[in-house]
Amino acid sequence: PRRTYVNVGFWSSVPIVPEPVGAANRRIEEKVSELDGHKSLYSESFYTEDDFALLYGGDHYTQIKKRYDPDSRLLDLYSKAVQRK
């Protein structure tokens, strides 16, 4: 099927009314999801664990993780991509 892909990046900031860390970024994530998109995980992410699971293969990922890392020696994708561990 024909799809359009758009990659948008923000590399600067401007002073805004104080709000929680990541609030503006989270609004962007919500809009991208609303438009049936996915945010690339090379930058900061502020997804909830449930939203992240829906977008990035939650149940399937969990099954594969258990199979190939049964002792949880490696961090899971959410911990690395969102929690920045």
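In this text, residue positions in the sequence shown follow the numbering used here: the first is 39, and each later residue adds one. Positions of the beta carbon are idealized from the N, C-alpha and C atoms, including for glycine.
Check, Outcome
"Pairwise C-alpha distance: Y85 and E67", "7 Å"
"Distance, G47 Cα to A119 Cα", "17 Å"
"Identity of the residue in E87, Y43, N63 and E57 nearest D74 by Cα", "Y43"
"CB contact flag (F90, Y106, <8 Å)", "no"
"Collapsed DSSP secondary structure at Y106 in the structure displayed", "helix"
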